[in-house]
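Let me begin by presenting the structure, written as C-alpha cells, before commenting on it.
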Amino acid sequence: MAYEPVLLGRANKADSTSLEGYRRDGGYETLGRILKEMTCDQVTEAVKSSGLRGRGGAGFPTGLKWTFLPKGHPGPIYLCVNVDESEPCTFNNRVLVEKDPHQVLEGIALSAYAVKASTAYFYIRYEYGAGMRIMQKAIDEAYAAGILGKNILGSNYSLDVFIHRGAGAYICGEETGLIESLEGKRAWPRIKPPFPAIEGAFRKPTIVNNPETLANVVHILQKGSDWFKSIGVPPDPKNPRDPGSYGPKLYCISGHVNSPGVVELPLGVTVRQLITDHGGGVWKGKKAKGCIPGGNSMGVMTEAEFDTPLDFNGPGRVGCLGLGTGAVTVFDEDTSIVDVLHNLCRFFQHESCGQCTPCREGTGWMFKIIDRFAKGQGRGEDLAVLEEIADKIGIMPGTTICGLADGAGWPVKNAIRKFRPEFEKYIQDGSSKRSKPLPMAAH
Amino acid sequence: MATVFVNNQPVDIGNEKLNCVQAAEKAGVLIPHYCYHPALSVVASCRMCLVEVGEKKADGTISMLPKVVPGCQTPVKDGTVIVTRSDKARDAQERTLESLLLNHPLDCPVCDKAGECSLQDYSFEFGKAESRMHDEKKTPPNKPDLGPNINLFTDRCIMCSRCVRFTREISGTSELYITNRGDHSEIAVFPGDPLDNKLSTNVVDLCPVGALASKDFLYKQRVWNLKTVDSVCPGCSTGCSIHIDGNKGVIHRLRPRTNPKAQGHFMCDEGRLGFHYANSAERLREPTIRGPHGWTTVGHREAVQSVQQGFNEHSLRSITGVWAVLSPFMTIEEAYLLANWIRDFGREARLVLGPVPIVGEDDHYPKDCRGEASPGVPKFTIRAEKCPNRKGVEAILQHFTGTVLGFDSFLTALAKGQVKAAILSGGYIPLGRGHWFPAESVPLLEKINMLVVQEIFASALSQKAHVVFPSATWAEKEGTYINHQGLAQEIHWNSGPPGESRTDGQVYLDLLGRTGLMRAHQLRREIAQVVPALNQLSTGYLGTQGVLPGEAPPVQSQKRKIPVH
Chain V
593 MAYEPVLLGR ANKADSTSLE GYRRDGGYET LGRILKEMTC DQVTEAVKSS GLRGRGGAGF
653 PTGLKWTFLP KGHPGPIYLC VNVDESEPCT FNNRVLVEKD PHQVLEGIAL SAYAVKASTA
713 YFYIRYEYGA GMRIMQKAID EAYAAGILGK NILGSNYSLD VFIHRGAGAY ICGEETGLIE
773 SLEGKRAWPR IKPPFPAIEG AFRKPTIVNN PETLANVVHI LQKGSDWFKS IGVPPDPKNP
833 RDPGSYGPKL YCISGHVNSP GVVELPLGVT VRQLITDHGG GVWKGKKAKG CIPGGNSMGV
893 MTEAEFDTPL DFNGPGRVGC LGLGTGAVTV FDEDTSIVDV LHNLCRFFQH ESCGQCTPCR
953 EGTGWMFKII DRFAKGQGRG EDLAVLEEIA DKIGIMPGTT ICGLADGAGW PVKNAIRKFR
1013 PEFEKYIQDG SSKRSKPLPM AAH
Chain R
4 MATVFVNNQP VDIGNEKLNC VQAAEKAGVL IPHYCYHPAL SVVASCRMCL VEVGEKKADG
64 TISMLPKVVP GCQTPVKDGT VIVTRSDKAR DAQERTLESL LLNHPLDCPV CDKAGECSLQ
124 DYSFEFGKAE SRMHDEKKTP PNKPDLGPNI NLFTDRCIMC SRCVRFTREI SGTSELYITN
184 RGDHSEIAVF PGDPLDNKLS TNVVDLCPVG ALASKDFLYK QRVWNLKTVD SVCPGCSTGC
244 SIHIDGNKGV IHRLRPRTNP KAQGHFMCDE GRLGFHYANS AERLREPTIR GPHGWTTVGH
304 REAVQSVQQG FNEHSLRSIT GVWAVLSPFM TIEEAYLLAN WIRDFGREAR LVLGPVPIVG
364 EDDHYPKDCR GEASPGVPKF TIRAEKCPNR KGVEAILQHF TGTVLGFDSF LTALAKGQVK
424 AAILSGGYIP LGRGHWFPAE SVPLLEKINM LVVQEIFASA LSQKAHVVFP SATWAEKEGT
484 YINHQGLAQE IHWNSGPPGE SRTDGQVYLD LLGRTGLMRA HQLRREIAQV VPALNQLSTG
544 YLGTQGVLPG EAPPVQSQKR KIPVH
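Protein chains in written order, with my numbering: chain V, 593 to 1035; chain R, 4 to 568.
Here it is as C-alpha cells:
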C-alpha cells in the first residue's frame, strides 16, 4: 500500500502557503482544540507517548527533551526553531517552510504551548531568503487572524514569533551555537552542562527543535499517538535502550540520481528503495558506488549496504554515525572516493568553528592530507594518520565541545575503512587517472 | 570536609569550590592547560587539560566516566577521582599538543617567550618528539601594530582566547576578537581601534605562547638570563605585587605577580612600563657637597659626617629649625630610621609628610561600552594616589609626632624663614627630577643653612642643596610598602644602586651611627616593637602575599613559588 504523505500532504496545492488555504484544509483546528481542552503538561505527555524523536540529526526523544525544563519556572521560556539547515544535501525543512509555512507555525504554537514558552525564535539560515519571506508573510497573516500574539484564538495563552536570520555558518545548526548566534555573538557552541533546557537563550530555559519535528507535533495531536506509532519501526527488542523510530520522515535524495528531491516516507525505508523507487535510479544507467546516508557528517555507505533501513538505528549497524537528517547523497561507480572525501574534508575544515583545538587543527590537517592525496602525493602512512585523527576528535572520545568534530571524522574513517583498496590504488597510480580537475580549495 | 583523589593521592579540599585543575594543583599535580585562567571565564576550548574523572563510592568502588573530560570545566566534590596520567588521558594530551604544533612555526630561537613558554614546557613534558605532518604550515601575516605596546605574531597563536576574554571581562574594552573560522582563526582588532587600553600589556603575560609580545621588551633579553625578584609596584597605592626581571644591573621588565590580597593577577601599563628611569645613565651616582668653590664629589663617609655636623650645629641653635620631609615613596624602614635620627636631636624637631601626588580619580575596571566603570565590584583599580607608601610613612609620623603634618606646613615655615636645617627625601616617580617640589618655593631654599637632598636625578632642588645623596630606586632596595588597604608587602632589590650611591636606609643607618648593613627583616621586628600600629611586621617577614593589619605574619621567609599560570 502506498504511503499517503502527511507532512507534505498540502505541499503541491496551489495556495499551500496562504492562511486561507491552510484553514480550508482544517488548519489551526488542532491548535484551537488543544488550547481549549488540554493543559501544557498533557500536550507534553501526548508527544512523549508518541515516541517522536527529533528530526534534526541526533534523534533525541522530543517529549523527553521538553520535560527537562525546570518545573514551575517563572519564565520566560524560549522555543527556538532551528532552520539553520546547513547540512549539505539536506533540504527537507526548506520544502516544509516554503510550501506549508502555516503547518510549521501551528507546530510552533502547539509546542510553545506545551513548554510554556511565550516567545519563539524562528532561526533561519541566510541562504533561505524565499523561506524567510514566506514565513514572515505567514506570521503576519497569523498575527492578523489572532492565531499569534495576545490570547491566541481566544485562549489565555499568548505567543510571539520572531524570525532571526543567520549569517551563514554550519555551526549555527548546533543548538548552543544557534543560541549564541541568536544572542548576537559568535556561534561558538557552549560548554554543557548547563544544557539549553536549563539555561539557554538569554540565560533562560530554552528548547531548540527542528521544524520537521514541530510539524509532526501537529499531526500527533490531531490524529493521536497511536496513529503516529502505527508508522515506522518499533523498538528493537534486543536493544532495551531503543525507543523505536516512529512516524513519517522527509527523506532528501540528491547526487547521481535521475530525479533528486524530497519524499515523505515512513521511517525505516531502505536506501535502495529510496534510490530506485523514489529517486528514479542512478543516473546515466550507471551503478551506484555508495552514498552518504544522512548528511555529510553521518559517514559513507557502500552499495552493498544499501539494504540498510534508514531509521534511527539502521545506519549505525553498518558503521555510520546515525540517521542524521535523512538526506541521501548518491555517487555513481565512476566517482573517485578520494574526490568524495576531498570534498567532505574541505567542507568540514571550512566550517569548523575553531573553538576546540582537536577539531580546529584536526579538520584542517585532514583536509591538507587528503588534498595532497588528491594531487597524487599520497603516502601509505597517511591513511593510518587520517583514521587516527578521525577516531580521536569529537564529543564521543570527549575531546571537543560539540558534535561537529564527530561528524567531520566519521566520513573519513568510513571511507577509508570501506574503500581502502581504492585509496591504496590511488597512491600507486597517483593523480594520473584523474578525469576532472580538483575543486578549488576554500581558502 | 571533602576529599578528592588525584592520581590515587587523597587531597582535602575543605569547602572550596574547585575544578579538577585547581584540585590537582593542591595535590601538587600539574594538569596542563592553556585556555583556563583563574581570573577569566572557563571556555574549555584548548582541550589541553583532558583527564579521566570518576567517583569513589561509599563502598570503595570507583566508577570512571567512559571518556576524557576537560579538567577546567569539571567541578570536583567529595570522592571525585582524577587520573591525569592514564593512557587515555596521556593520549588525549599528546594529541592536543600535536594539533597545536601543526601550524606553530617552532621559531623558538627568535621567540621572546622561549624559556617561559607553556607550549615548550608542555611539549617537553606531555608531548611527542616528532610531528607526523608532512604538509605546509599556515603562515598568516604578523600584526605588529595590534596596539601601541603590543605586537602579534599571528602564526605562533594557539587560539586559547585568553587575551580576547581579558579585554572583554577584565578591561571591558573589548578591542580584541577572533576573525575567521576553523584553522584560519586569528586574533584581530577592528581597523582604527587598536589594543590601547591602560591594562593592555597584561595580554602578553596571559598569552601562554609567544604570540603576543610586549614591544617594550621585544628582543631585549632571553628570559633565562633574567634575575627575578618579588617586589611591589611603586606606581600607585594599589601596590600591585610584581616580579622585577633584570640582568646585570639593568631592569628589563616588570610582570604582575598573582596576589589575591593585593591586586589579583594583573597590573597596569603605566606601572609596568614606568621603570625605565631606573636604568637611566643620567642618574646621580656620587654624593656631592656644595662648598664655597662649587660642587665637589665626596665619599659617602665624608658626606655623612658633613650632614651630622651641620645638623648638630643647627639643632643646638634652634631645634624647631630642624626639619625632615618624608616622601611617600620611602619604605617604612627608611621612614623609621630617618624619624629616629631627627628625633634624636630633640622632640621639637619637625617631621612632615612630603607631597602626595594625586592624578585624576581612581580608575576602575572593567569598563562598559561607554568607557565608564561597570557597576559592581571592580576587578582592577588604578588609583589616583600615585605613591606606594603614604599609609606606611603616615604610621611612622603618627607614632613619632602624634600627628601627620602635611607638606604645606614645611612650605609655610620655609616662607617665614624658620627652616634652618632640612633633609628632603625624594624618590618620587615618575616626577623623579625634582618636579615634586613646587618651583616657586625653590628660591626660598636659599634661606636654609643646611639642606640635604636625596634624589635620583639632579634637579633645581638638588642645585640648592648643601649635600646631595644619590638615592636608590625601589628596585634597588629592600623594605616594606603599605598599600591603600593597609596591606604590608616586602620589596626586594634586583640590582644595587648605581655608582657610589647607597640606599636611603643605609644613609640613615650611617647618620644614626648604627653599624652594619640595612637588613629589612631585622628592622621590621624593631619597628613592630616600637610602633604598635605596625605590629603586622612583628616577625620580620611578610611572606609573598603580604600581611594585612591584624593578620598573623609568617614566622619564616617564604620561598618564591614559580607560578603555573
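Where is the CB? At the ideal position from N, CA and C, for every residue including glycine.
Practice prompt. Starting from Phe460(R), follow its DSSP beta bridges and name the residues at the other end.
Written response: Arg286(R)
Item to complete: Report yes or no: is there a C-beta of chain R within less than 7 Å of the C-beta of Ile1019(V)?
Response: no
Worksheet item: Thinking C-beta only, is Ile867(V) closer than 7 Å to Val922(V)?
Response: yes
Fill in: N-terminal and C-terminal residue of the beta strand (DSSP E) that His246(R) is part of
Ser244 to Asn250
Worksheet entry | Neighbour-count burial assignment, Phe794(V), 16 or more Cβ in a 10 Å radius | exposed
Worksheet entry | Backbone secondary structure at Ala1033(V) - three-state DSSP | Its pLDDT being 49, under 50, Ala1033(V) is placed unreliably by the model, and nothing is read from it.
Worksheet entry | alpha helix (DSSP H) segments (min. 4 residues) lying fully within the stretch 392 to 471 of chain R | 393 to 404, 410 to 418 and 463 to 466
Worksheet item: Distance, Cα to Cα, Ala1033(V) vs Gln548(R)?
Response: Its pLDDT being 49, under 50, Ala1033(V) is placed unreliably by the model, and the measurement read from it follows with that caveat. Roughly 54 Å separates the two Cα atoms.
Discussion item. Quick check: is the beta carbon of Thr991(V) nearer than 7 Å to any beta carbon in chain R?
Written reply: yes
Discussion item. Runs of 4 residues minimum, wholly inside the stretch 494 to 550 of chain R: which ones carry the alpha helix (DSSP H) assignment?
Written reply: 507 to 515 and 523 to 533
Discussion item. What residue range does the beta strand (DSSP E) around Ile744(V) cover?
Written reply: No beta strand (DSSP E) holds Ile744(V); DSSP gives it neither H nor E.
Worksheet entry | Min CB distance Glu979(V) to chain R below 7 Å | no
Worksheet item: Three-state secondary structure (DSSP) at Ser309(R)?
Response: helix
Discussion item. Under 8 Å: do the stretch 152 to 163 of chain R and the stretch 188 to 195 of chain R share three or more Cβ pairs, one atom per stretch?
Written reply: yes
Discussion item. When you compare the CB positions of Val892(V) and Asn1006(V), do they come within less than 7 Å of one another, or not?
Written reply: yes
Worksheet item: What does Thr768(V) touch in chain R if you count any residue whose Cβ is under 7 Å from its own?
Response: Near Thr768(V) there are no residues of chain R at all, since even the closest Cβ is about 13 Å away, more than 7 Å.
Worksheet item: With DSSP run on the structure shown, which of helix, strand or coil describes Gly618(V)?
Response: coil
Discussion item. On the criterion of 16 or more Cβ atoms from any shown chain inside 10 Å, does Phe660(V) qualify as buried, or is it exposed?
Written reply: exposed
Worksheet item: For chain R, is any of its Cβ atoms less than 7 Å away from the one on Pro950(V)?
Response: yes
Worksheet item: Under a Cβ-count criterion, where at least 16 other Cβ atoms within 10 Å of its own Cβ denotes burial, should Met4(R) be classed as buried or exposed?
Response: exposed
Worksheet item: So, is Cys52(R) buried or exposed, given that buried needs 16 or more other C-beta atoms within 10 angstroms?
Response: buried
Practice prompt. Using 6 Å as the cut-off, classify the Cβ of Cys163(R) as near or not near the heavy atoms of the ligand HEM, replying yes or no.
Written response: Of the ligands one can find in the structure shown there are none, so the ligand HEM has no counterpart to examine.
Worksheet item: In angstroms, rounded to a whole number, what distance separates the CA positions of Lys366(R) and Gly63(R)?
Response: A quick correction: the sequence has Asp, not Lys, at residue 366(R). Going by the C-alpha atoms only, they are around 54 Å apart.
Discussion item. Please confirm whether Val567(R) has its beta-carbon closer than 7 Å to some beta-carbon of chain V.
Written reply: Summary for Val567(R): the model assigns pLDDT 48, below 50, so the residue's position carries little reliability; its value from the coordinates is reported in the next sentence. With 7 Å as the cut-off, Val567(R) does not count as an interface residue toward chain V.
Worksheet item: In chain V, what lies closer than 9 Å to Ala191(R) by C-beta?
Response: Near Ala191(R) there are no residues of chain V at all, since even the closest Cβ is about 12 Å away, more than 9 Å.
Worksheet item: The beta strand (DSSP E) with Gln12(R) in it runs from where to where?
Response: Gln12 to Gly17
Item to complete: Kindly say whether Ala536(R), judged by its beta-carbon, lies nearer than 7 Å to any beta-carbon of chain V.
Response: no
Practice prompt. Could you please tell me which residues of the stretch 167 to 193 of chain R, in chain order, have their CB closer than 9 Å to any CB of chain V?
Written response: Tyr180, Ile181, Asn183, Arg184, Gly185, Asp186, His187 and Ser188
Practice prompt. Keeping to the same chain, check which residues put their C-beta closer than 8 Å to that of His568(R); ignore five residues upstream and five downstream.
Written response: Low local confidence applies: a pLDDT of 45 at His568(R) is under 50, so the model's placement there is unreliable, with the coordinate-based value given in what follows. Closer than 8 Å at Cβ, skipping near neighbours: His40, Pro41, Thr261 and His268.
Item to complete: Report the neighbours of Ala92(R) on chain V: residues whose CB is nearer than 7 Å to its CB, in chain order.
Response: In chain order: nothing, as chain V lies at least about 10 Å away.
Discussion item. Just to confirm my understanding: we take Leu573(R), look at its own chain, exclude 5 residues before and 5 after, and list those with CB closer than 7 Å. What are they?
Written reply: Residue 573(R) is absent from the model: chain R starts at 4 and stops at 568.
Item to complete: Could you work out which residues of chain V lie near Asp138(R), taking near to mean beta carbons separated by less than 9 Å?
Response: Trp957, Lys960, Ile961, Asp963 and Arg964
Worksheet item: What residue does the beta strand (DSSP E) around Lys83(R) start on, and which one ends it?
Response: The residue asked about is misnamed: residue 83(R) is Thr in this sequence, not Lys. Element bounds for Thr83(R): Thr83 to Val86.
Worksheet item: Excluding five sequence neighbours on each side, which residues of the same chain lie with their C-beta closer than 8 Å to the C-beta of Ser321(R)?
Response: Lys423
Practice prompt. Would you list, in chain order, the members of the stretch 36 to 48 of chain R that have their beta-carbon closer than 8 Å to a beta-carbon of chain V?
Written response: Val45, Val46, Ala47 and Ser48
Worksheet item: If you draw a straight line from the alpha carbon of Cys945(V) to that of Ala478(R), how long is it in whole angstroms?
Response: 46 Å
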